[in-house]
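> Protein chains in written order, with the numbering used here: chain F, 271 to 493; chain Y, 271 to 493. C-beta: ideal position from N, C-alpha, C; glycine also. All values derive from a computational prediction rather than experimental measurement. One structure is given below, represented as structure tokens, and several questions about it will come after.
Number of protein chains: 2
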Amino acid sequence: MITITLCCRLDQRRRAFIDAARALFLEQGYERTTLGSIVERAGGSLATLYKLFGNKDGLLEAVVFDRAAESEKLSRRLATTRRSPSEALPIIAADLREQLLDPEFLALTRIVMTRSIEDQAFARKFFDRTATGTRDDLVEMFTQWQKDGAELTASPCVLADLFLDVIVSDMHSDAISHSTKIVHSPERTNARLQIFIKGAGLDEPVGKQAPACRITKTSPDIG
Amino acid sequence: MITITLCCRLDQRRRAFIDAARALFLEQGYERTTLGSIVERAGGSLATLYKLFGNKDGLLEAVVFDRAAESEKLSRRLATTRRSPSEALPIIAADLREQLLDPEFLALTRIVMTRSIEDQAFARKFFDRTATGTRDDLVEMFTQWQKDGAELTASPCVLADLFLDVIVSDMHSDAISHSTKIVHSPERTNARLQIFIKGAGLDEPVGKQAPACRITKTSPDIG
DNA sequence: GCAATCGTGTAATGGTTATTACACCTTCGC
DNA sequence: GCGAAGGTGTAATAACCATTACACGATTGC
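Shown next as structure tokens:
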């Protein structure tokens with residue numbers, strides 16, 4: 271936790287409201303959560319909540335983009351070190367899965383999805399700040415490999431999308447059904463990934479020069 | 271449309287309620303749709319609605335499983351003719367996409383997903399009646415190819431899941447964000463599919479005997 | 001310590017909506 | 001045509017909840 275010296279009580283209240291709201295939205299969904307219950311959990315008062323966020327929608331926006339800010343950082347990790355595709359992809363896959371399969375992130379996704387019926391702009395903003403950035407970075411990465419001589423079986427764009435689907439699309443079955451059936455084991459992910467690597471033409475060093483990519487992994491838990 | 275001679279007015283009312291409710295749920299979502307607006311569109315009265323469905327949840331269940339019944343049929347199309355994997359898979363893919371990317375089906379999925387927060391059993395029932403059946407059929411199909419001599423790069427189970435993701439996971443970005451950004455062009459799907467086929471080891475006739483599968487396509491629009 | 005600012009607790013407001021009650025109309029067997 | 005069962009339309013009930021209003025207590029600069 272990063273602790274910033276807060277200028278006044280109001281900022282602490284703000285944090286408490288956002289944390290409580292996130293927890294309750296996660297448990298009950300947006301529409302079912304009452305502002306009363308949020309105040310009850312966070313402390314403070316309804317008047318303060320309205321002063322800070324304007325209304326319930328404003329609070330949701332604050333909650334969502336508070337979390338999205340964290341996800342933004344993730345896309346910046348795809349940089350710097352040079353590794354071969356078959357080395358790099360599993361590391362990136364593990365990193366992305368850790369982020370994207372996070373229960374809190376899933377719950378927020380679900381809420382944004384629901385609200386998108388009424389407010390498409392809101393949903394687009396959310397996905398621009400999370401998924402789209404990551405995707406762009408991946409496209410760039412595949413493009414680089416291509417320049418380095420890899421003979422890709424499809425465009426970097428198609429490959430980036432498919433790669434994302436291969437590593438996270440089973441998250442959607444969870445997001446959708448709250449199912450606990452499908453096991454997200456590392457072995458299963460890896461099997462899917464190997465199929466992708468082979469299918470993409472990235473399974474062996476090819477062409478004039480060994481394809482490589484600039485990758486850095488800052489998290490200590492992998493590799 | 272199948273027209274069955276209805277025994278009394280009540281059954282016509284039932285149909286009208288379900289159709290109106292489906293349309294409104296699709297437009298506005300479940301929680302935002304009022305029973306009043308459903309009666310307004312369908313005709314009839316609130317009293318009849320309650321007699322038929324008990325309450326609002328009962329109506330939703332009727333709407334969802336009325337539609338799910340159609341999807342059930344789809345899984346039965348994977349049968350009978352023998353084709354090679356690289357011939358069969360594109361046909362199956364097109365068939366499944368047509369079903370799964372249907373806007374109505376997407377909207378229902380979105381609603382079920384939202385309600386799964388409160389009622390997991392409901393969501394599970396929905397997915398059992400739709401996705402799970404299809405998946406089982408696919409597993410069986412890959413298993414058959416394996417018996418026929420195909421050297422699969424992963425288990426039939428892993429392949430079935432991945433195949434489904436390859437052909438429909440981009441539907442989720444739509445389902446989630448109501449986005450119109452991603453184009454579901456046949457070319458794009460095909461590119462993804464080719465990667466899958468190559469990665470799965472299904473791109474050339476291998477082994478003792480040409481792998482084949484029993485496939486029938488009843489829809490006239492493809493192939 | 002004091003007063004002005006800031007935050008709190010409580011309670012009213014107003015609107016929405018699921019659900020129920022009830023008195024009227026329609027249909028259909030006879 | 002008649003009457004009973006089946007539908008219909010309207011309006012009442014009751015609860016819930018976002019939002020606002022207001023008077024009281026806490027904090028902080030001085």
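By how many angstroms is the C-alpha of Val309/Y removed from the C-alpha of Arg283/Y?
10 Å
> Could you tell me whether the segment 464 to 472 of chain Y touches the segment 464 to 472 of chain F, where touching means 3 or more Cβ pairs closer than 8 Å?
When Cβ pairs closer than 8 Å are counted between the two stretches, the segment 464 to 472 of chain Y is seen to touch the segment 464 to 472 of chain F, the count reaching three or more.
> Determine, using beta-carbon pairs with one atom in the segment 379 to 387 of chain F and one in the segment 383 to 403 of chain Y, whether at least three such pairs fall under 8 Å.
yes
> Could you tell me how far apart the beta carbons of Leu322/F and Ala291/F are, in whole angstroms, since I believe they sit closer than 8 Å?
About 11 Å; that fails the 8 Å criterion.
> Could you have a look at Arg302/F and say whether DSSP puts it in helix, strand or coil?
coil
> Which residues of chain Y have a Cβ atom closer than 7 Å to the Cβ of Lys468/F, listed in chain order?
Contacts between Lys468/F and chain Y, judged by CB atoms closer than 7 Å, involve Thr423, Lys468, Gly469 in chain order.
> Can you name, in chain order, every residue of its own chain whose Cβ lies under 8 Å from the Cβ of Val428/Y, other than the five neighbours on each side?
Cβ within range, chain order: n/a, list empty.
> At which residues does the alpha helix (DSSP H) containing Glu457/F begin and terminate?
456 to 470
> Any beta carbon of chain F sitting closer than 8 Å to that of Leu305/Y?
no
> Residues of chain Y with CB under 9 Å from Val409/F, in chain order?
Simply none; closest approach about 14 Å.
> Using a Cβ-Cβ cut-off of 8 Å (strictly less than) and excluding sequence neighbours within five positions of Val438/Y, which residues of its own chain qualify?
Leu366, Arg367, Leu370, Leu371
> Take Leu305/Y and list the residues in its own chain whose beta-carbon comes closer than 7 Å to its own, dropping the five residues that flank it on each side.
These residues qualify, in order along the chain: Leu316, Leu319, Lys326.
> With burial defined as no fewer than 16 other Cβ atoms inside 10 Å of the residue's Cβ, what is the status of Ala391/Y: buried or exposed?
exposed
> Let me make sure I understand the geometry here. Which of Leu432/F, Asp289/F, Glu357/F has the alpha-carbon closest to that of Phe335/F?
For Phe335/F, the nearest C-alpha among the options comes from Asp289/F.
> Under 8 Å between beta-carbons, which chain Y residues line up against Gln464/F? List them in chain order, please.
Thr423, Ala424, Gly469
> Please classify Asp435/Y as buried or exposed, where buried requires at least 16 other C-beta atoms within 10 Å of its C-beta.
buried
> In its own chain, which residues sit with a C-beta less than 7 Å from the C-beta of Cys277/Y, not counting the 5 before and 5 after it?
In this predicted model, Cys277/Y has a pLDDT of only 46, less than 50, meaning its place in the structure is not dependable; the value taken from the coordinates is given anyway. Nothing listed; no residue qualifies.
> In whole angstroms, what separates the C-alpha of Phe433/Y from that of Leu463/Y?
8 Å
> Where does the unbroken alpha helix (DSSP H) through Glu388/Y begin, and where does it stop?
In this chain, Glu388/Y is not harboured by any alpha helix (DSSP H), its DSSP state being neither H nor E.
> Do Arg405/F and Phe375/F count as a contact pair if the criterion is CB distance below 8 Å?
no
> Please list the residues of the segment 362 to 374 of chain F that have a C-beta atom closer than 8 Å to any C-beta atom in chain Y, keeping them in chain order.
none
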